[in-house]
Each structure stands twice: as C-alpha cells, then as structure tokens.
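As structure tokens, the structure follows; a few thoughts come after it.
Residue numbers (our numbering): 39 to 150.
Here you go:
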C-alpha cells in the first residue's frame with residue numbers, strides 16, 4: 039500500500055518539485071546545471087519566438103527592422119522570466135562565510 043505522506047511517483051511531470059520553477063529543487067535551492075539550462079531555454083526560446091513574430095510583421099508591413107526588435111524583446115523577456123522564477127538570483131548557502139563589510143573592527147582605519 040502507498041504511503042499517503044509521499045507523493046505518487048510519475049504523477050507529476052516535474053519530478054516532485056511541486057510547483058517550483060524549472061531548474062529549482064523543491065527545497066528552494068538552486069539546481070545548478072538545471073537552473074542554467076532553464077535560463078538558457080527561456081532566453082533562446084524568447085529570441086526564437088519573438089524573432090518569428092517580428093519576421094512575420096516585417097513580411098506583412100514590408101519593413102526590415104522589426105525582426106531585430108523582436109529578438110531583443112525576446113532576450114529581455116526570457117531573462118525577465120528566469121529572474122521572476124528565481125533562477126538568476128544568488129542564494130546564500132548555509133555556513134558560507136562572506137567578507138565583512140563596514141569599518142575595521144580593530145579601530146585602525148585609514149580614513150582621513
């Protein structure tokens with residue numbers, strides 16, 4: 039009999055990450071390679087889709103610049119989507135030490 043506390047395997051298409059963005063694991067940590075591939079896919083997919091839309095509008099209106107505007111819009115939109123899904127933000131790892139900011143604690147400053 040199946041444990042009701044565990045999700046059924048194979049019922050969700052995203053391997054148990056319960057509504058999180060592609061490339062982000064269920065506990066909210068970065069997926070590393072997967073997160074990078076998701077960002078890459080968003081940006082390249084945006085460029086392709088909006089370039090095709092721009093190409094179609096160029097064809098209809100007899101212009102030549104809308105395809106470039108579409109490619110730029112697709113790249114910006116892809117980056118925006120990956121940022122909003124939390125794939126581009128830097129996450130702090132537990133136990134990671136960062137350099138201290140602010141004035142020196144030893145009282146010896148070089149400020150004039």
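Glycine is no exception: its CB is placed at the ideal position from the N, C-alpha and C atoms.
All values reported here derive from a predicted model rather than from experimental measurement.
Closest Cα partner of residue i within the set the options
i	options	result
residue 85	95, 76, 72, 114	114
Secondary structure of residue i, DSSP reduced to three states
i	result
residue 125	coil
residue 103	coil
residue 70	coil
Beta-carbon proximity list for residue i, same chain, < 6 Å, skipping 5 on both sides
i	result
residue 121	none
residue 51	The pLDDT assigned to residue 51 is 46, lower than 50, so where the model puts this residue is not dependable, and the model offers no usable value.
residue 88	108, 111, 112
Cα-Cα separation between residue i and residue j, rounded to whole angstroms
i	j	result
residue 127	residue 119	12 Å
residue 95	residue 110	15 Å
residue 77	residue 117	7 Å
residue 92	residue 82	15 Å
residue 79	residue 105	20 Å
residue 90	residue 100	15 Å
residue 98	residue 70	42 Å
Close Cβ partners of residue i (< 7 Å) along its chain, the five nearest in sequence each way excluded
i	result
residue 49	Model confidence at residue 49 stands at a pLDDT of 48, short of 50, so the residue's coordinates are unreliable; what they give is reported in the following sentence. Here the set comprises nothing.
Cβ shell of residue i (< 8 Å), same chain only, five flanking positions each side left out
i	result
residue 102	96
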